[in-house]
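Residue numbers (the numbering used here): 339 to 768.
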């Protein structure tokens with residue numbers, strides 16, 4: 339049995355965990371770092387244990403993966419110069435992660451946030467954290483320029499005119515910060531530089547020359563990264579099915595920038611709202627009266643029924659229980675908008691909880707106070723304890739069940755960990 343338990347543990351360790359880290363992994367530094375790599379997210383760091391948050395070696399590795407981890411670190415770690423240096427040299431914006439006042443005024447931190455590879459040549463001078471002073475002094479230094487444009491989004495703006503016309507410097511700048519294209523007017527109609535810029539940051543399309551804004555590949559690349567870049571595309575490309583679909587896939591609000599023809603094309607809008615229901619807000623008015631369009635959009639995101647101007651349409655959909663259940667099956671957040679009788683349906687709520695603990699948040703108040711129901715719910719998905727009544731959130735039996743069966747614990751606890759390993763992994767010794 340222990341061998342089977344160990345196999346199960348190893349298999350579970352490879353899964354992706356978006357809602358929380360099970361108690362058996364939340365104190366495992368290698369697991370947490372692996373999850374950060376896989377999910378490319380700093381916020382998943384919050385699922386790890388407070389014990390790890392006090393481990394400087396772990397924090398250093400986490401910051402090297404995701405500098406924004408500093409934002410979630412303890413005040414002690416945000417006051418550690420080595421950690422802050424590591425963060426700002428990877429992302430200058432880490433300066434705004436509520437670091438200590440003394441480090442905000444630190445000369446080394448200042449230099450490493452702009453030119454980390456060149457900082458050692460400048461550290462003997464106290465720059466008083468004056469960005470303008472630094473650039474005025476160094477704007478003719480090419481080595482400094484190549485380093486600065488990699489780390490400071492506005493660096494190109496502060497450099498001499500010669501460097502703003504230097505192809506290598508500009509290419510380096512837009513590869514790291516597409517927005518830097520704004521400061522390189524000479525290259526705003528240079529196709530290879532423009533492509534690099536919009537690949538890095540789709541909003542750079544705003545600064546692309548008129549001629550290249552007609553280029554389909556450039557616009558498609560831009561809207562794939564930043565849907566609302568569609569507003570800077572010419573009308574001909576705002577009437578392009580593929581480009582608009584890609585833009586809306588990135589941001590449902592992008593549909594407002596599509597051509598009038600596409601926003602009034604029922605067949606096209608059905609394709610759009612099947613992937614992004616909220617986009618229906620920007621469809622032509624006559625389509626907001628079309629039940630097929632509204633049903634398709636609402637199945638993807640039930641919230642859209644409240645964008646519809648006709649109260650009778652809302653009433654029809656709210657009374658169609660099979661439709662409502664189908665919407666919930668696709669997206670548990672639909673529970674927020676269902677009639678009371680569905681919010682009290684135990685079987686349906688439990689099915690939703692098994693997919694996403696958030697579902698309990700939208701269950702009826704009565705169910706969230708029902709200990710028998712909540713006990714069953716946390717066994718399916720431990721983190722739904724967060725949405726139980728305040729009394730049940732502090733109930734010892736519920737807390738234990740959430741950890742032992744559902745894997746969820748607000749903090750690492752040795753006793754709960756042992757109980758989880760004994761029950762869920764057949765007492766496997768890891």
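Glycine included, every Cβ here is placed at the ideal spot set by N, Cα and C.
Exercise for review: Take residue 536 as the anchor and find which of 528, 527, 563 has the nearest alpha-carbon.
Suggested key: Answer by Cα proximity: 563.
Check your understanding: What's the gap between the Cα of residue 565 and the Cα of residue 466?
Key -> Distance from the CA of residue 565 to the CA of residue 466, rounded to the nearest whole angstrom, comes to 40 Å.
Review point. Got a sec? Which residues, its chain only, sit under 6 Å from residue 524 by beta carbon, not counting five neighbours each side?
Key: 503, listed in sequence order.
Exercise for review: Evaluate residue 756 with the Cβ neighbour count: other Cβ atoms within 10 Å of its Cβ, from every protein chain shown; 16 or more gives buried, anything less gives exposed.
Suggested key: That one is exposed.
Exercise for review: Throw me the rounded Cβ distance for the residue 554 and residue 575 pair, which I believe falls under 8 Å.
Suggested key: Contact holds; Cβ gap of about 6 Å.
Practice item. Compare the C-alpha of residue 748 against each of 451, 353, 364 and name the closest. Key: Taking only the C-alpha atoms, the option nearest residue 748 is 364.
Review point. Per the contact definition of three or more C-beta pairs closer than 8 Å, is the segment 401 to 409 in contact with the segment 368 to 379?
Key: Yes, the segment 368 to 379 is in contact with the segment 401 to 409.
Check your understanding: Quick one, which of 669, 705, 672, 675 has its alpha-carbon nearest residue 685's?
Key -> For residue 685, the nearest C-alpha among the options comes from 705.
Check your understanding: Which of helix, strand or coil does DSSP assign to residue 347?
Key -> If DSSP states are grouped into helix, strand and coil, residue 347 belongs with the helices.
Practice item. Would you kindly work out how many angstroms separate the C-alpha atoms of residue 645 and residue 619, rounded to a whole number? Key: Near 6 Å, if we compare the C-alpha coordinates of residue 619 and residue 645.
Practice item. Could you round the C-beta distance between residue 371 and residue 394 to whole angstroms and report it? I think they count as a contact, below 8 Å. Key: With 8 Å as the limit, residue 371 and residue 394 do not qualify as a contact, their Cβ atoms being about 14 Å apart.
Practice item. Determine the DSSP secondary structure at residue 481, reduced to helix, strand or coil. Key: Of the three classes helix, strand and coil, the one that applies to residue 481 here is helix, per DSSP.
Practice item. Please say whether residue 746 and residue 358 have beta carbons closer to each other than 8 Å? Key: It is a contact, given that the beta carbons lie within the stated cut-off.
Review point. Looking at the structure shown, is residue 526 part of a helix, part of a strand, or coil, going by DSSP?
Key: It is coil, neither helix nor strand.
Review point. Apart from the five residues on each side of it in sequence, which residues of its chain come closer than 7 Å, Cβ to Cβ, to residue 634?
Key: Sequence-distant partners of residue 634 (beyond 5 residues in either direction) whose C-beta falls short of 7 Å from its own C-beta, in its chain, are 608, 611, 612.
Point to revise | Short Cβ contact (8 Å threshold) for residue 570 with residue 601 | key: No, the pair does not count as a contact, with Cβ atoms beyond the cut-off.
Point to revise | Runs of alpha helix (DSSP H) lying entirely within the segment 533 to 586, each at least 4 residues, in chain order | key: DSSP runs (the alpha helix (DSSP H)) wholly in the segment 533 to 586: 554 to 563.
Practice item. Identify the continuous alpha helix (DSSP H) that holds residue 710 and give its terminal residues. Key: That run of the alpha helix (DSSP H) goes 709 to 718.
Check your understanding: Hey, residue 616 and residue 582: beta-carbon distance below 8 Å or not?
Key -> At the C-beta level, residue 616 and residue 582 stay beyond 8 Å of one another.
Review point. In the structure shown, what three-state DSSP assignment does residue 612 receive?
Key: Looking at residue 612 - three-state DSSP - the assignment turns out to be helix.
Check your understanding: With 16 other CB atoms within 10 Å as the buried threshold, where does residue 713 fall?
Key -> Its Cβ being crowded by 16 or more others within 10 Å, residue 713 is buried.
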